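Undergrad: Numbering (our numbering), first residue to last: 6 to 230. Backbone N, C-alpha and C define an ideal beta-carbon position, used for all residues, glycine too. Note that the coordinates shown come from a computational prediction; the quantities given were computed from them, not determined experimentally.
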Amino acid sequence: MAILESWFPHVMDKPDKFLESIEETLIMTGWSGALMLVFGLVLGVMLTVTKKGGIMDCPIAFQILDKLINLFRSIPFVILIAFLMNITKFIMGTRIGIKGVIVPLVVGSVPFFSRQVESALAGVNGGLIEAAKSMGVSPLGIIFRVYLKEGAAAIARGATITLISLIGLTAMAGYVGAGGLGDYAITYGYNYNRMDIVWASVIVIVVIVTIIQAIGTLIAKKTTH
Numbered sequence: 006m007a008i009l010e011s012w013f014p015h016v017m018d019k020p021d022k023f024l025e026s027i028e029e030t031l032i033m034t035g036w037s038g039a040l041m042l043v044f045g046l047v048l049g050v051m052l053t054v055t056k057k058g059g060i061m062d063c064p065i066a067f068q069i070l071d072k073l074i075n076l077f078r079s080i081p082f083v084i085l086i087a088f089l090m091n092i093t094k095f096i097m098g099t100r101i102g103i104k105g106v107i108v109p110l111v112v113g114s115v116p117f118f119s120r121q122v123e124s125a126l127a128g129v130n131g132g133l134i135e136a137a138k139s140m141g142v143s144p145l146g147i148i149f150r151v152y153l154k155e156g157a158a159a160i161a162r163g164a165t166i167t168l169i170s171l172i173g174l175t176a177m178a179g180y181v182g183a184g185g186l187g188d189y190a191i192t193y194g195y196n197y198n199r200m201d202i203v204w205a206s207v208i209v210i211v212v213i214v215t216i217i218q219a220i221g222t223l224i225a226k227k228t229t230h
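1. Return the chain-ordered list of same chain residues with a C-beta closer than 8 Å to the C-beta of T55, the five sequence neighbours on each side being excluded.
2. Distance, Cα to Cα, Q121 vs V142?
3. Between the alpha carbons of G156 and V129, how many angstroms are there, rounded?
4. Between which two residues does the alpha helix (DSSP H) containing F13 stretch?
5. Quick test of the definition: if touching needs 3 or more C-beta pairs under 8 Å, does the stretch 167 to 177 touch the stretch 87 to 98?
6. Taking contact to mean 3 or more Cβ pairs, one atom from each stretch, closer than 8 Å, check whether the stretch 18 to 26 and the stretch 106 to 117 are in contact.
7. For T99, which of helix, strand or coil comes out of DSSP?
8. Spatial neighbours of K104 within its chain, please: CB distance less than 6 Å, with the 5 preceding and 5 following residues excluded, ordered by chain position.
9. Three-state secondary structure (DSSP) at M200?
10. Hey, is I32's beta-carbon within less than 7 Å of any beta-carbon in chain C?
Below, the structure written as structure tokens:
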């Protein structure tokens with residue numbers, strides 16, 4: 006404890022606030038990350054199967070999805086928070102706090118992850134898909150037995166990249182009072198020139214990112230055929 010008080014005096018002065026900011030970051034990343042994985046995976050699969058030559062060829066659906074994803078990918082996250090305030094209020098019942106940032110985090114990360122999924126599924130061997138078709142496997146069966154099974158490792162790598170990017174987005178959550186390590190580092194550290202708070206926040210974020218990267222790499226290895 007004496008070493009921590011020496012290196013991080015301002016952090017140890019109010020440790021509860023530091024721990025609270027860690028908890029807020031984990032909650033934001035956990036909830037928005039889980040929703041991002043579900044919606045991003047669904048959209049990525051839909052992009053793959055509805056494109057020209059896909060197993061569920063539907064140019065109109067593909068064009069609509071493609072344009073919407075490109076639209077939301079182009080909006081800076083801070084602007085996206087303001088843009089979605091009324092929708093966030095309708096869905097979550099509030100525009101502020103952790104609840105107030107979940108919707109923007111999901112909307113901001115889903116387009117990126119859906120492109121990662123689309124790219125991962127594009128690498129699936131076309132011969133396997135044709136073989137499944139010739140055996141009379143349904144489109145839904147091809148999606149689960151071929152696309153997702155063969156593309157699992159690449160999807161895991163894409164999910165890892167997106168989750169790490171999501172942690173960066175949570176740093177902007179302070180704009181709606183959601184807290185988190187980013188807000189803690191700026192509000193209580195940088196603004197008062199308390200650099201030990203900034204360094205402590207950076208160290209924790211690096212640890213979280215390292216853990217996510219390790220888990221993602223492990224899953225990718227386990228699912229590589």
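TA: From the atom records:
1. Around T55, the same chain offers M61, D62, C63, P64, A66, F67 and L70 as residues with beta carbons nearer than 8 Å, after the five sequence neighbours per side are excluded.
2. So the two alpha carbons sit approximately 26 Å from each other.
3. Cα to Cα, the separation comes out at about 6 Å.
4. Per DSSP, F13 is not a residue of any alpha helix (DSSP H), being assigned neither H nor E.
5. With a cut-off of 8 Å, the stretch 87 to 98 and the stretch 167 to 177 do not count as touching, because too few Cβ pairs lie within range.
6. No, because fewer than three Cβ pairs between the stretch 18 to 26 and the stretch 106 to 117 fall closer than 8 Å, the two stretches do not touch.
7. Three-state DSSP puts T99 in coil, outside helix and strand.
8. Closer than 6 Å at Cβ, skipping near neighbours: M97.
9. In this structure, M200 counts as helix in the three-state DSSP scheme.
10. The structure shown contains no chain C; it holds only a single protein chain.
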